[in-house]
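Under this note's numbering, the first residue of the sequence shown is numbered -3, with each subsequent residue one higher.
All C-beta atoms in this analysis are idealised placements derived from N, C-alpha and C, irrespective of residue type, glycine included.
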Amino acid sequence: MKTRISKRMTVVLIAVAILCIAAATAGIFTAGSAREVKAEAAAMRHEDKRARLPLVTVTGNAEYAAEADRLIYRGSVSAIAGSTAEADEICREHAERAAEAFAPYGEAVQTGGYTCGEADARRAYVYMTFTLTDISTAEEARSALIASGAELYGYEYSTTDTEAKTEALSLALADACDTARSLGGGRPVKVKELYCYADGCSAPGKVIYRASVEVSFADLCSPDIRG
């Protein structure tokens, strides 16, 4: 009888011990989970404060000078005939002649055209651009076009520098960042290009790219999110 009681008590004690261990372990895990939840909530509140901070918008402007190494002539050819079809055909021949005359200097492209006039005197026009790849031959190419019968009414120097626009925008962004630093700092969170274009020039030299950007900065110096 004593042996049975002893065994029964042993079983009970073991069961109690298991329950105690389980309870303690659950407490540890619960405490750890609670700490993780609190830390996550604190991080979310911190980010929420950042998101609700007022943004300061600054405009940055800049210019970038690129080497003018390309020249574009603008012009046209025309023809008069007794019918639209005949005028168009002759005008196409004139355009081909102008393109052939310019071929040693660059590329000729037809950009449009139309036909007008009276029924028995139709006039056809074809508009063209002539892109010169070597600006040192500008006068020679111009003379060849005029001799071919093309009428030139404008020209413009440009650049083949593919990085010029990027450089201008980068300088404008740097200008905006400098302004933001003078106002107390911050980090850019949004950039918007307002414009970036090249000023066409009518003489050899530099092509000026003008750029402007609008940058929104988050004020990271606010006391409620420091630390």
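- Classified as exposed, residue 53 has fewer than 16 neighbouring CB atoms from the shown chains inside 10 Å of its CB.
- Taking the C-beta atoms as reference points, residue 66 is found no nearer than 7 Å to residue 158.
- Cβ neighbours of residue 89 within its own chain (closer than 6 Å, five residues either side excluded): none.
- Following the DSSP letters along the chain, one finds residue 195 inside the beta strand (DSSP E) bounded by residues 183 to 195.
- Around the beta-carbon of residue 112, fewer than 16 other beta-carbon atoms lie within 10 Å, marking it exposed.
- For residue 164, there is no enclosing beta strand (DSSP E); the residue is found in the alpha helix (DSSP H) stretching over 160 to 178.
- Just measuring C-alpha positions, the residue of 200, 199, 121 sitting nearest residue 108 is 121.
- The alpha-carbon separation between residue 204 and residue 118 amounts to approximately 43 Å.
- A check of alpha carbon separations from residue 189 across 169, 101, 182, 93 identifies 169 as the nearest.
- Below 8 Å, too few C-beta pairs join the region 172 to 188 and the region 131 to 143 to call them touching: fewer than three.
- Residue 138 and residue 196 have their C-alpha atoms spaced approximately 19 Å apart.
- At least 7 Å separates the beta-carbon of residue 74 from that of residue 123.
- Listed as beta-bridge partners of residue 118 by DSSP are 77, 113.
- The beta carbons of residue 145 and residue 128 sit no closer together than 7 Å.
- Taking the C-beta atoms as reference points, residue 161 is found no nearer than 7 Å to residue 61.
- Residues 52, 54, 182, 184, 211, 213 of the same chain have their beta carbon placed closer than 8 Å to that of residue 176, with the five preceding and five following residues left out of the count.
- Residue 179 and residue 56 have their C-alpha atoms spaced approximately 14 Å apart.
- Assignment of beta strand (DSSP E) within the region 86 to 156, counting only whole runs of 3 or more residues, yields 102 to 114, 117 to 128, 147 to 154 in chain order.
- The C-alpha of residue 96 is placed about 38 Å away from the C-alpha of residue 191.
- Partner residues in the beta bridge of residue 63, as assigned by DSSP, are 202.
- The Cβ atoms of residue 206 and residue 59 sit closer than 7 Å to each other.
- Looking from the CA of residue 77, the closest CA among 94, 98, 115 belongs to 115.
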